[in-house]
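The listed protein sequences correspond, in order, to chains E and Z. Sequence positions in the first sequence follow full-length UniProt numbering and run 1 to 220. Sequence positions in the second sequence follow full-length UniProt numbering and run 1 to 220. Take a look at the structure below.
Protein chains: 2
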Amino acid sequence: MVEEVILLDYWASMFGMRTRIALEEKGVKYEYREEDLSNKSSLLLEMNPIHKKIPVLIHKGKPVCESIIQVQYIDETWPGKNPILPSDPYQRAQARFWSDYIDKKTYGPCKALWSEKGEKQEAAKLEFIEVLKTLESELGDRSFFGGNEFGLVDIAFIGYYSWFYTYEEVANFSIVAEFPKLILWAKRCLIRESVAKVLPDSDKVLKSVSEHRKIILGIS
Amino acid sequence: MVEEVILLDYWASMFGMRTRIALEEKGVKYEYREEDLSNKSSLLLEMNPIHKKIPVLIHKGKPVCESIIQVQYIDETWPGKNPILPSDPYQRAQARFWSDYIDKKTYGPCKALWSEKGEKQEAAKLEFIEVLKTLESELGDRSFFGGNEFGLVDIAFIGYYSWFYTYEEVANFSIVAEFPKLILWAKRCLIRESVAKVLPDSDKVLKSVSEHRKIILGIS
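The following block contains the structure:
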C-alpha cells in the first residue's frame, strides 16, 4: 500500500505514454486505470481538479499531474535505474528546453491534423512539418536527443511516433519519406523494452481516430 | 571569463524578472544587457534561434532559454545558497506544477488586458480573475506558495505583481481589493532583497504600457 502507484490514463495518449515509459524504465509496478475521456472518473476530477486531464500519477495517495513533471518525479523518486535526466545541469536544461519545445509546438498542429479538414488541416500540416524539421535538425546524427543515452526528450516525443501513420493517412502526406533520421531514431527507441511495451499499434490508433473523425467531421 | 554570466533581457519582462531574482538569490554576478524588442540583437537571435525571445541566460558562452528552465538551471548550478526548489521530489513536482500552471494560464489573459480593448479585454479580465482565484486558494494561509520558504512558484508569479497596477488602470478593475491574500504574499516577497531589487516601479510599467497602447490601440 505504501508504495502504491496508480496511473489514470487513456491508451492512445502520447502524454500518458511518456509516464508509462518512465515507469517501465524504472521497473516500477503500477496499477493502470483506463479513463473514459467522455465521462471522466470522480477520482480523476478529484486528483487533477485544475486541469481535469489524464495522465494522473497517484503515488502513496498523492497526485502528480502533467506528464513531463511526472517523468521528472519518477526519475527523482526512483533515481537508481536508467537515469532519465542527465546529471550535468547544462544538459538537464537542454533536455528540459526540448521537451518544453515539444509540448509547446507539437500538440496543437497534431490535434488539428486529425480533428480538422480543409485549410485548417493544411495549415496544421505545414506547422507540424516545421516542427519535424527543427527536431530532425536538433537530433542530427546522434542516436538519441541527449546523445548516446535514451532520455527525457526521447520520452517526450516518441509517443507521437505511434500517431505518425494516422497523421499521414488522414492528412495525406509522408513523414516517413521526408524525415529519415527521425524514423531511424524512433526505430532505435522501439528497441527499448519500455517503448516497445507502451507504444500502441499504429493501425489501432488510425482505426480509433477514423471512427472519431466520422463523428466530429462526418468523414473517415 | 570562465564563470561569465550574461543576461539578455527587457526591463519590464516578468519572465526576465524570474531569472534576475534567481541570480540575485544566489548572489551570482552577471552582466545585464537590455534588448530592444523591436530590433533584437544578433546575439539574441544566435543564442535563442528557436524562440527568438528574451530572457536568454548565457553562462560560459552557452545559452539557456525559457525562464523557468533558467531558474532551475541557476538552482542546480549554484546549489548552496537559498535553495529555490525543495529537496523532496513530491514538493518539487508541486512547485513545477504551479509554475507550469502560471506559464500556461497567466500570460495570455495578461497580455490581452493591456493590448486589447472592448469584449476581448473583458474576456481577458474574467479569465485572469479565475487564475487569481485559483492562485489565492492554492496559497491559502501560507507565507509562500511552497510553505515557509520563498521558492520557484513565488519567483514564477511575483513579476506579474509589478504589472497589477497597470492591469487595474487599463482594464478598470481592482485586484488589490479582491485578492488580499495575494497582495499580502506579494508584499512579503518584496521584503526579500532579490525581489525588491529586481521588480520595476509600478508607475514606470503603466507609463510604458500607456505609450504602447497609444500606438497599437490609439488609446491610453
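Even glycine gets a Cβ: it sits at the ideal position worked out from N, Cα and C.
Item: By the three-class DSSP mapping on this structure, what secondary structure does H51 (chain E) have?; Value: coil
Item: What residue range is occupied by the uninterrupted alpha helix (DSSP H) comprising I102 (chain E)?; Value: 89-105
Item: What does a CB cutoff of less than 7 Å around L182 (chain Z) pick up in its chain, not counting 5 residues either side in sequence?; Value: L132, L135, E136, L139
Item: Just mark residue 222 (chain Z) as buried or exposed, buried being the case when its beta carbon has 16 or more other beta carbons within 10 Å.; Value: A query on residue 222 (chain Z) cannot be resolved here, the shown segment of chain Z reaching from 1 to 220 and no further.
Item: In whole angstroms, what separates the C-alpha of K204 (chain Z) from that of S210 (chain Z)?; Value: 10 Å
Item: Helix, strand or coil for L182 (chain Z), going by three-state DSSP, please let me know.; Value: helix
Item: Quick one, are the C-beta atoms of C189 (chain Z) and I219 (chain Z) less than 7 Å apart?; Value: no
Item: Can you give me the Cβ contacts of K56 (chain Z) inside the same chain, cut-off strictly under 7 Å, excluding the 5 residues immediately before and after it?; Value: In the sequence on display, residue 56 (chain Z) carries Val and not Lys. L8, L44, M47, N48, P63, C65, listed in sequence order.
Item: Alpha carbons only, please: which of E:A123, E:S87, E:V71, E:W163 is nearest the one belonging to S208 (chain E)?; Value: E:W163
Item: Leaving aside the five residues before and after M1 (chain E) along the sequence, list all residues of the same chain whose C-beta is less than 6 Å from its C-beta, in chain order.; Value: Reliability fails at M1 (chain E), whose pLDDT of 46 lies under 50, so the model's placement of it is uncertain and no value is given.
Item: Exposed or buried, residue 279 (chain E), counting other C-beta atoms within 10 Å across all chains shown (16 or more means buried)?; Value: Nothing can be reported for residue 279 (chain E), as the shown portion of chain E is limited to 1 through 220.
Item: Which residue wins for smallest C-alpha separation from Q94 (chain E), given the options E:P200, E:R33, E:V153, E:E178?; Value: E:V153
Item: On the DSSP letters alone, give me the boundaries of the beta strand (DSSP E) that V28 (chain E) sits inside.; Value: Element bounds for V28 (chain E): n/a, residue is neither H nor E.
Item: Around the C-beta of R92 (chain Z), are 16 or more other C-beta atoms found within 10 angstroms, so that it is buried, or is it exposed?; Value: buried
Item: Chain Z partners of F97 (chain E), CB-CB under 7 Å?; Value: C65, E66, I69
Item: So P86 (chain E) packs on G151 (chain E), CB below 8 Å; how close in whole Å?; Value: 7 Å
Item: Judging by CA-CA distance, which residue of E:L199, E:D100, E:C110 is the nearest neighbour of Q70 (chain Z)?; Value: E:D100
Item: Quick one: does E119 (chain E) have its CB under 7 Å from some CB of chain Z?; Value: no
Item: Output yes or no for whether 7 Å exceeds the beta carbon distance between I175 (chain Z) and E168 (chain Z).; Value: yes
Item: E76 (chain E) CB to nearest chain Z CB: under 7 Å?; Value: yes
Item: Going by alpha carbons, who is nearest to G147 (chain E) out of E:A177, E:I84, E:S42, E:K197?; Value: E:I84
Item: Residues of chain Z with CB closer than 9 Å to the CB of T134 (chain E), please, in chain order.; Value: I50
Item: Determine, using beta carbons only, whether V5 (chain E) and Y30 (chain E) come nearer to each other than 7 Å.; Value: yes
Item: Using a C-beta to C-beta distance shorter than 9 Å, which residues of chain Z count as neighbours of Y73 (chain E)?; Value: P89, Y90, R92, A93, R96
Item: Give me whichever residues DSSP pairs with I6 (chain E) in a beta bridge.; Value: E:E31, E:I58
Item: For the alpha helix (DSSP H) holding R213 (chain Z), just list the boundary residues, first then last.; Value: 202-217
Item: With C-beta atoms as the reference, is I155 (chain Z) less than 7 Å away from R20 (chain Z)?; Value: no
Item: Give the DSSP bridge partners of P63 (chain Z), in chain order.; Value: Z:I58
Item: Express the C-alpha separation of D75 (chain Z) and G61 (chain E) in angstroms, rounding to a whole number.; Value: 29 Å
Item: For A112 (chain E) and A196 (chain E), what's the separation of their Cα atoms in angstroms?; Value: 27 Å
Item: For L37 (chain E), count the other beta carbons within 10 Å of its own beta carbon; 16 or more makes it buried, fewer makes it exposed. Which is it?; Value: exposed
Item: Just tell me which of Z:S115, Z:L199, Z:I215, Z:S42 has its CA closest to the CA of A12 (chain Z).; Value: Z:L199
Item: Alpha carbon to alpha carbon, what distance is there between S143 (chain Z) and I216 (chain E)?; Value: 48 Å
Item: Is any beta-carbon of chain Z found at less than 7 Å from that of D100 (chain E)?; Value: yes
Item: Report all residues from its chain with a CB closer than 7 Å to the CB of K40 (chain E); omit the five preceding and five following residues, and keep chain order.; Value: K52
Item: Return the chain-ordered list of same chain residues with a C-beta closer than 6 Å to the C-beta of E25 (chain E), the five sequence neighbours on each side being excluded.; Value: N82, S194
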